[in-house]
Amino acid sequence: MSRELRSVTTAFRREIKLALKRPADIWLSVGFAVLVTMLFGIALGGSPNKLAAAGPAVLFTTLLLASFLAVSRMFAEDLEDGSLDQMLISPSSLTAILYGKVLAFWCLHGLSLVLATPILALLLRLDMDQLPLLLLTCTIVTLGLNLLGLVGAALTVRLRAGAMLLALIVLPLMVPLLVFGLGAVMSASQGESGIAGLALAAAETLLLLALAPAAAALGLRITSE
Amino acid sequence: MLAPDVHLPAVSPPAISAPAISPLTCLLSVTELSIERGGFALFRPLSFQLQCGSVVMIAADNGVGKTSLLRTLAGLASAAEGEFQWHVAARELRFLGHQPGLKGALSLLDNLRFWLAQDQCGWDAAAVEAGLRRFNLRGHEEQPAAALSAGQRRRVALLRLQLSPGQCWLLDEPFANLDQHGIALVQELIATRLAQGGSVILTSHGQLPVPIAVLRVALVAV
């Protein structure tokens with residue numbers, strides 16, 4: 001196994017272990033997503049027609065907000081306990097460590113949101129025939145969202161008003177993923193194939209997968225003081 | 226032009242029979258370096274050289290910028306003016322700051338395993354076992370790092386230094402939080418490192434608790 005790959009897997013294992021010591025963090029983002037969906041349901045008056053029309057939009061907005069909230073403290077603890085300094089000076093590639101970190105983050109936070117999607121879809125009375133497409137789209141979109149969040153979190157970790165600035169930086173960048181994912185589900189609900197939106201979301205996610213960890217590593221270096 | 230504040234060591238560093246400024250033995254040269262915080266220079270421009278097999282002690286009172294200087298040399302912060310040049314690869318540097326970089330939720334061994342892997346250093350169970358005994362950490366292996374005392378966390382960080390020795394160590398107040406035994410351990414670690422051709426830069430606000438031959442570099446507040 002190459003050095004970089006070993007750095008990725010050790011960082012991945014460590015993050016998973018850490019997160020499993022505190023499963024509450026994961027439940028919080030799932031709980032947040034369910035709660036926001038329920039709020040929308042109540043605000044829309046609970047009428048099935050309205051819900052079905054607004055459903056996919058609500059679902060993806062909820063995913064976006066839940067992903068954003070989870071990602072905002074990604075480096076906060078590393079900064080407090082000195083791990084961030086050690087990561088920066090480590091002989092291992094910082095990008096490799098960040099790959100491990102973001103993939104572990106997605107496996108826990110992203111995939112738990114994907115697993116909660118059927119519940120959200122039920123709450124929003126979405127067409128259950130589309131569930132496989134919905135799950136696939138959510139899987140791709142959450143990975144993309146987490147990668148974007150990684151870059152934002154790296155840029156804002158040392159700022160006092162970091163969370164607000166992170167929102168301003170990252171939320172606009174998340175719009176294309178929102179549009180592509182929503183496009184896939186919407187066109188499927190109108191009887192079309194939805195593959196176009198799915199392919200675009202997948203293309204963006206792949207691009208982010210190639211670039212985001214390196215960008216985040218650069219962000220951590222230039223903001224280190 | 227301000228003169229750099231370099232005092233010659235009272236005790237000469239361990240014998241390295243090379244000329245003082247030879248490019249082969251000079252690991253780091255610092256030229257007229259100054260650091261700013263919030264637009265104010267922290268100390269007068271500083272110049273010194275770190276030779277192979279020697280210790281540089283950066284001495285100053287609190288708030289003059291010892292930690293900032295060390296972080297700058299480690300590449301963790303930027304310098305305002307002047308320059309410094311490492312003559313060793315960045316991968317040979319080890320930095321030990323106030324926070325040892327341990328995850329409170331993970332056990333001592335998990336923390337150690339992670340950092341040794343990131344240091345590209347293999348896991349030698351016998352060496353780890355001996356190190357744990359030497360650093361008085363036996364029996365705490367499975368304890369979460371959050372349950373260790375500040376001194377014990379410091380010892381874990383020192384154990385990592387022993388197990389994955391880079392050529393040059395940057396130690397921020399290495400004697401803080403340690404008891405007499407810990408202080409003696411740090412002294413031994415540094416002596417071993419020097420004997421193997423490494424170098425150490427450490428910070429302190431006064432006298433070192435143990436005799437180590439150092440090149441004393443005093444930071445003078447502006």
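Protein sequences, first through last, are from chains V and P. For what it's worth, this note's numbering labels the leading residue of the first sequence as 1, then goes sequentially. For what it's worth, this note's numbering labels the leading residue of the second sequence as 226, then goes sequentially. Built from N, CA and C at the ideal position, the CB exists for glycine as well.
Would you tell me roughly how many angstroms separate the C-alpha atoms of residue i and residue j, rounded to the nearest one?
i: alanine 355/P; j: valine 114/V; result: 46 Å
i: arginine 221/V; j: leucine 88/V; result: 7 Å
i: asparagine 49/V; j: leucine 126/V; result: 10 Å
i: arginine 418/P; j: leucine 318/P; result: 13 Å
i: glutamate 203/P; j: alanine 212/V; result: In this structure chain P extends from 226 to 447, so residue 203/P is not present and cannot be described.
i: leucine 383/P; j: leucine 395/P; result: 12 Å
i: leucine 444/P; j: threonine 223/V; result: 26 Å
i: threonine 205/V; j: isoleucine 195/V; result: 15 Å
i: valine 102/V; j: lysine 17/V; result: 14 Å
i: glycine 45/V; j: isoleucine 119/V; result: 19 Å
i: cysteine 346/P; j: cysteine 393/P; result: 16 Å
i: serine 254/P; j: glutamine 86/V; result: 23 Å
i: aspartate 25/V; j: proline 56/V; result: 25 Å
i: leucine 63/V; j: alanine 203/V; result: 19 Å
i: serine 47/V; j: leucine 171/V; result: 30 Å
i: proline 325/P; j: glutamine 190/V; result: 57 Å
i: alanine 116/V; j: valine 8/V; result: 27 Å
i: leucine 267/P; j: alanine 342/P; result: 36 Å
i: glutamate 413/P; j: leucine 427/P; result: 15 Å
i: isoleucine 283/P; j: serine 429/P; result: 6 Å
i: leucine 148/V; j: glutamine 276/P; result: 44 Å
i: valine 185/V; j: alanine 199/V; result: 12 Å
i: alanine 54/V; j: alanine 201/V; result: 20 Å
i: glycine 264/P; j: histidine 406/P; result: 42 Å
i: alanine 438/P; j: glutamate 15/V; result: 42 Å
Is the separation between the beta-carbon of residue i and that of residue j shorter than 9 Å?
i: phenylalanine 339/P; j: alanine 11/V; result: yes
i: serine 272/P; j: leucine 295/P; result: no
i: serine 303/P; j: arginine 262/P; result: no
i: leucine 98/V; j: alanine 216/V; result: yes
i: phenylalanine 105/V; j: leucine 150/V; result: yes
i: glycine 391/P; j: glycine 278/P; result: no
i: serine 111/V; j: threonine 137/V; result: Residue 111/V is actually leucine in this sequence, not serine. For leucine 111/V and threonine 137/V, no; Cβs fall outside 9 Å.
i: proline 434/P; j: isoleucine 408/P; result: yes
i: glycine 144/V; j: valine 71/V; result: no
i: valine 30/V; j: leucine 124/V; result: no
i: alanine 96/V; j: arginine 3/V; result: yes
i: valine 34/V; j: leucine 65/V; result: no
i: valine 442/P; j: valine 281/P; result: yes
i: leucine 333/P; j: leucine 388/P; result: no
i: serine 92/V; j: aspartate 344/P; result: yes
i: methionine 174/V; j: serine 90/V; result: no
i: leucine 327/P; j: glycine 219/V; result: no
i: lysine 21/V; j: alanine 420/P; result: no
i: valine 313/P; j: leucine 252/P; result: yes
On the CB-based measure, 16 or more other CB atoms within 10 Å of its CB, does residue i come out buried or exposed?
i: histidine 109/V; result: buried
i: tryptophan 27/V; result: exposed
i: isoleucine 42/V; result: exposed
i: valine 411/P; result: buried
i: alanine 188/V; result: buried
i: methionine 128/V; result: exposed
i: proline 23/V; result: exposed
i: arginine 160/V; result: exposed
i: glutamate 308/P; result: exposed
i: serine 247/P; result: Annotation note: pLDDT 45 at serine 247/P (below 50); position unreliable, coordinate value reported separately. The residue is exposed, with fewer than 16 neighbouring Cβ atoms inside 10 Å.
i: valine 381/P; result: buried
i: leucine 134/V; result: buried
i: valine 425/P; result: buried
Got a sec: is the Cβ-Cβ distance from residue i to anything in chain B below 9 Å?
i: methionine 87/V; result: In the structure shown, chain B does not exist; the protein chains are V and P.
Using 8 Å as the Cβ pair cut-off and three pairs as the minimum, do the stretch 361–369 of chain P and the stretch 389–403 of chain P touch? no
Along the stretch 343–355 of chain P, what residues have a CB closer than 8 Å to any CB found in chain V? If the cut-off is 8 Å between Cβ atoms, the stretch 343–355 of chain P has Gln343, Asp344 and Gln345 near chain V.
Three CB pairs or more closer than 8 Å across the stretch 363–381 of chain P and the stretch 290–299 of chain P: Counting Cβ pairs under 8 Å, fewer than three are found: no touch.
For the stretch 74–85 of chain V against the stretch 287–294 of chain P, do three or more pairs of beta-carbon atoms, one drawn from each stretch, fall closer than 8 Å, so that the two count as touching? no
Selection of the stretch 389–412 of chain P by Cβ proximity to chain V, strictly under 7 Å: none
Short-range partners of chain V found in the stretch 300–321 of chain P, where Cβ spacing is below 7 Å: Gly300, Leu301, Ala302, Arg316, Leu318 and Phe320
Short-range partners of chain V found in the stretch 278–301 of chain P, where Cβ spacing is below 8 Å: Arg296, Ala299, Gly300 and Leu301
Counting only Cβ-Cβ distances shorter than 7 Å, please list the residues of the stretch 151–171 of chain V near chain P, keeping chain order. none
Short of 7 Å Cβ to Cβ, which residues in the stretch 368–382 of chain P face chain V? none
Contacting positions in the stretch 7–35 of chain V - beta carbon closer than 7 Å to chain P: Ser7, Thr10, Arg14, Lys17, Leu18, Lys21 and Arg22
Return the residues of the stretch 92–110 of chain V that lie within a Cβ-Cβ distance of less than 8 Å from chain P, sorted by chain order. Close to chain P, meaning a Cβ-Cβ distance shorter than 8 Å, are the following residues of the stretch 92–110 of chain V: Ser92 and Ile97.
Against chain V, which members of the stretch 259–277 of chain P pass a CB distance test of less than 8 Å? Within the stretch 259–277 of chain P, no residue qualifies.
Taking a Cβ distance cut-off of 7 Å, strictly less, list which residues of the stretch 56–87 of chain V are near chain P, in chain order. Asp81, Gly82, Ser83, Asp85 and Gln86
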